[in-house]
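A short write-up of the structure that comes next.
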Amino acid sequence: SQQGEEDPQALSIQEGENATMNCSYKTSINNLQWYRQNSGRGLVHLILIRSNEREKHSGRLRVTLDTSKKSSSLLITASRAADTASYFCPTGANSKLTFGKGITLSVRP
Amino acid sequence: DAGVIQSPRHEVTEMGQEVTLRCKPISGHNSLFWYRQTMMRGLELLIYFNNNVPIDDSGMPEDRFSAKMPNASFSTLKIQPSEPRDSAVYFCASSLGDPTGELFFGEGSRLTVL
Chain A
5 SQQGEEDPQA LSIQEGENAT MNCSYKTSIN NLQWYRQNSG RGLVHLILIR SNEREKHSGR
65 LRVTLDTSKK SSSLLITASR AADTASYFCP TGANSKLTFG KGITLSVRP
Chain B
286 DAGVIQSPRH EVTEMGQEVT LRCKPISGHN SLFWYRQTMM RGLELLIYFN NNVPIDDSGM
346 PEDRFSAKMP NASFSTLKIQ PSEPRDSAVY FCASSLGDPT GELFFGEGSR LTVL
């Protein structure tokens, strides 16, 4: 399967701390994306990084991509209670996005 | 922009009944996707359409599932007959252009089959 596999499966941190989530995949990709899903809601797109990019920033988010290791990381700086959600890193290839099971992030107030 | 609209948000039905889930994509988007989410299997792609034409239905679990997109602003996912193992949250998503680009998800339809 070429799906993104997230690690860890669950992460609990204190508000204000940084959260780092990792993602690995198995085959060549065109891009890798990160999505957030709040409980009971649909997924929301956070950021897309293309296969020829190594790092991208958006607000408190920093995404890196290492195609040689087939891995990506999402860093959320200065976390807030509102960041509590599940995070997914689908990979884009063969005209579709394939999702893993996601990472559950809990930010304690 | 109203976003992707799904209905119903919640559906409870008995085994053997027909279930129809509906989706209105974002106006102007030309790709539409149906996903199913369960705790055990995560988020699975069931089928996707491009310009109203089904492109990949390899994720449709079995013949009980069917999907249609009669026009650019409406799609349905039908399960007939429904079974308890079909209980899940079904998401519709749409995108513009590249089907591996940014997806816009609806809020989902939570289906419970008793």
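If you read the protein sequences in the order shown, they are chains A and B.
Take 5 as the starting number for the first sequence in the working numbering and just add one per residue.
Take 286 as the starting number for the second sequence in the working numbering and just add one per residue.
Built from N, CA and C at the ideal position, the CB exists for glycine as well.
If you're wondering where the values come from, they're calculated on a predicted model, not measured in any experiment.
Contacts around residue i, its chain only, beta-carbon distance under 6 Å, and the 5 residues preceding and following it disregarded
{"i": "B/D303", "result": "For the sequence presented, residue 303 of chain B should be read as Glu rather than Asp. Closer than 6 Å at Cβ, skipping near neighbours: Q365."}
{"i": "A/D11", "result": "N26"}
{"i": "A/Q37", "result": "L52 and P94"}
{"i": "A/R66", "result": "L79"}
Residues near residue i by beta carbon distance below 7 Å, same chain, minus five either side
{"i": "B/F390", "result": "V289, F376 and A378"}
{"i": "B/M300", "result": "S367, E368, P369, V398 and L399"}
{"i": "A/N35", "result": "L52, I53, R54, S55 and G96"}
{"i": "B/L330", "result": "F318, Y320 and G344"}
{"i": "A/R64", "result": "I80, T81 and A82"}
{"i": "A/H49", "result": "Q37 and Y39"}
Distance between residue j and residue i (C-alpha atoms, nearest Å)
{"i": "A/K30", "j": "A/T95", "result": "10 Å"}
{"i": "A/Y39", "j": "A/F92", "result": "5 Å"}
{"i": "B/P355", "j": "A/A82", "result": "46 Å"}
{"i": "B/W410", "j": "B/A357", "result": "This structure cannot settle anything about residue 410 of chain B, because the visible part of chain B is limited to 286 through 399."}
{"i": "A/E19", "j": "B/S372", "result": "35 Å"}
{"i": "A/A89", "j": "B/L317", "result": "25 Å"}
{"i": "A/S72", "j": "A/K100", "result": "22 Å"}
{"i": "A/R112", "j": "A/A23", "result": "12 Å"}
{"i": "B/I340", "j": "B/P384", "result": "11 Å"}
{"i": "A/S62", "j": "B/E347", "result": "41 Å"}
{"i": "A/I17", "j": "A/L109", "result": "8 Å"}
{"i": "B/Q322", "j": "B/L388", "result": "16 Å"}
{"i": "B/V338", "j": "A/R84", "result": "42 Å"}
Given residue i as reference, the closest of the options once Cα atoms are compared
{"i": "B/S360", "options": "B/Q322, B/N315, B/V398 and B/M325", "result": "B/N315"}
{"i": "B/L328", "options": "A/T102, A/C27 and A/L109", "result": "A/T102"}
{"i": "A/S55", "options": "A/A89, A/R112, A/S75 and A/R64", "result": "A/S75"}
{"i": "B/L381", "options": "B/P293, B/Q322, B/C308 and B/F334", "result": "B/F334"}
{"i": "A/N42", "options": "A/A86, A/R66 and A/S62", "result": "A/A86"}
{"i": "A/K60", "options": "A/L78, A/G44 and A/S72", "result": "A/L78"}
{"i": "B/M324", "options": "A/S110, A/L109 and A/K105", "result": "A/K105"}
{"i": "B/P310", "options": "B/A287, B/G386, B/I332 and B/V338", "result": "B/A287"}
Supposed close pair residue i, residue j - CB separation, criterion 8 Å
{"i": "B/S343", "j": "B/V374", "result": "With a Cβ gap of about 21 Å, B/S343 and B/V374 do not count as contacting."}
{"i": "A/S32", "j": "A/A97", "result": "6 Å"}
{"i": "A/I80", "j": "A/L15", "result": "Not a contact, Cβ separation roughly 10 Å."}
{"i": "A/L69", "j": "A/E57", "result": "6 Å"}
{"i": "B/E392", "j": "B/R294", "result": "7 Å"}
Contact set for residue i: own chain, Cβ-Cβ below 8 Å, skip 5 residues either direction
{"i": "B/K363", "result": "E303, V304, T305, L306, F350, S351, A352 and K353"}
{"i": "A/S5", "result": "In this prediction, A/S5 scores a pLDDT of 42, lower than 50, which makes its location untrustworthy; no coordinate-derived value is stated."}
{"i": "B/E296", "result": "V304, L306, S394, R395, L396 and T397"}
{"i": "B/G386", "result": "S380"}
Minimum Cβ-Cβ distance from residue i to chain D less than 9 Å
{"i": "A/S99", "result": "The question asks about chain D, but that chain is absent: this structure's protein chains are A and B."}
Would you list, in chain order, the members of the stretch 311-330 of chain B that have their beta-carbon closer than 7 Å to a beta-carbon of chain A?
Here the close residues are G327, L328 and L330.
Could you run through the stretch 73-96 of chain A and flag, in chain order, every residue whose CB is less than 9 Å away from some CB of chain B?
Of all residues in the stretch 73-96 of chain A, F92, P94, T95 and G96 have a Cβ within less than 9 Å of some Cβ in chain B.
Positions along the stretch 382-395 of chain B whose CB lies within less than 9 Å of some CB in chain A:
So the list reads D383, P384, T385, G386, E387, L388, F389, F390, G391, E392, G393 and R395, given in the order they occur along the chain.
Residues of the stretch 44-57 of chain A with Cβ closer than 9 Å to any Cβ of chain B, in chain order
For the stretch 44-57 of chain A, the residues whose beta carbon sits under 9 Å from a beta carbon of chain B are, in order, G44, R45, G46, L47, V48, H49 and L52.
Residues within the stretch 335-347 of chain B neighbouring chain A, beta-carbon criterion of under 8 Å
Going along the stretch 335-347 of chain B in chain order, one finds I340 and D341 with a Cβ nearer than 8 Å to chain A.
Closer than 8 Å between beta carbons: that is the criterion. Which residues of the stretch 369-381 of chain B meet it against chain A?
Residues F376 and A378.
Please list the residues of the stretch 22-46 of chain A that have a C-beta atom closer than 9 Å to any C-beta atom in chain B, keeping them in chain order.
The stretch 22-46 of chain A vs chain B, Cβ under 9 Å: I33, N34, N35, Q37, Y39, Q41, G44, R45 and G46.
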